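Note sheet for the following structure.
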Amino acid sequence: MRAVTWYFDFVSPYSYIAFKRLHELPRDATVQLRPVLFGALLNHFGQKGPAEVPAKRLWTYRWCIWWAHSLGIPFRFPASHPFNPLHHLRLAIAAGSTPKAVGRIFDAIWTTGAEASDPVAFRALVQELGVDDARLGAPEVKDALRKNTEDAAARGVFGVPTYEVDGELFWGADSIGFVNAFLADPAALRNDEIRRADALPVGAARKGA
């Protein structure tokens, strides 16, 4: 029950904010950081990302800036967003997906205001993390990211960040309170009313959905 798998993508500002809040989990929780490709999850479930809906993009950017500031988390959007996070995800895996490596990559993207896809800055990051260039394109690194993403989709992970605890999924940077409640008492999730909600029939569906 104290093992937490945390699914994330560097392209997600919510993932960055959630990463900065992982310390709020119980001290005896063991957290496994699991990089996944958010775009592939969107494709799998037939969704659009927040930045692909103009009005939602505007709201998301405003909210994340305000929310991070209110939490005391350093935060600046990169020079353009969304960006292709593939290289950063592979770098995290090549570096062992350690908290130190993942945190450094997040900080490089979400605190500087610089262009996340700048090849010079990325090269400096690779060197700083002590990763051999050849590792980034290694089949085992590519396969690990693909497997992470496919396994996440198979488990029902539809967005990032997502916490998985004892087979239960908690989506969103603001769900950490729910995670902690479940860790303290599984009845926070496993109760009659939630079981009833889980089994509710669909009363109406949008045409074309």
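For the sequence shown, the working numbering begins at 5 and goes up steadily by one.
Just so you know, even glycine gets a beta-carbon here, dropped at the ideal spot from N, CA and C.
This one's a predicted model, so the numbers in the text were calculated from it and none came from an experiment.
Where Leu62 falls, given that 16 or more other Cβ within 10 Å makes a residue buried: Burial is judged here by how many other beta carbons sit within 10 angstroms of a residue's own beta carbon; Leu62 has fewer than 16 and is exposed.
From which residue to which residue does the alpha helix (DSSP H) around Thr9 run? Taken as a continuous stretch (DSSP letters only), Thr9 belongs to no alpha helix (DSSP H), being part of the beta strand (DSSP E) at 7-12.
Tell me whether Gln131 sits in a helix, a strand or coil according to DSSP, three-state version. Helix.
Going by C-alpha to C-alpha distance, which of Thr116, Ala112, Arg139 sits closest to Phe126? Closest option to Phe126, judged by alpha-carbon separation, among Thr116, Ala112, Arg139: Ala112.
Chain-order list of residues whose beta-carbon lies under 8 angstroms from that of Val183 (same chain, five-residue window excluded): So the list reads Val8, Leu29, Tyr167, Val169, Phe174, once near-sequence residues are dropped.
Expressed to the nearest angstrom, what Euclidean distance is found between the alpha-carbon atoms of Lys52 and Ala188? A direct Cα-Cα distance of roughly 34 angstroms separates Lys52 from Ala188.
Restricting to runs no shorter than 3 residues, where is the beta strand (DSSP E) found entirely within the region 109-192? At a cut-off of 3 residues, the continuous stretches assigned as beta strand (DSSP E) that sit fully inside the region 109-192 are 166-169, 172-175.
Extent of the continuous beta strand (DSSP E) to which Thr34 belongs: Secondary structure note for Thr34: its beta strand (DSSP E) is the uninterrupted segment 34-39.
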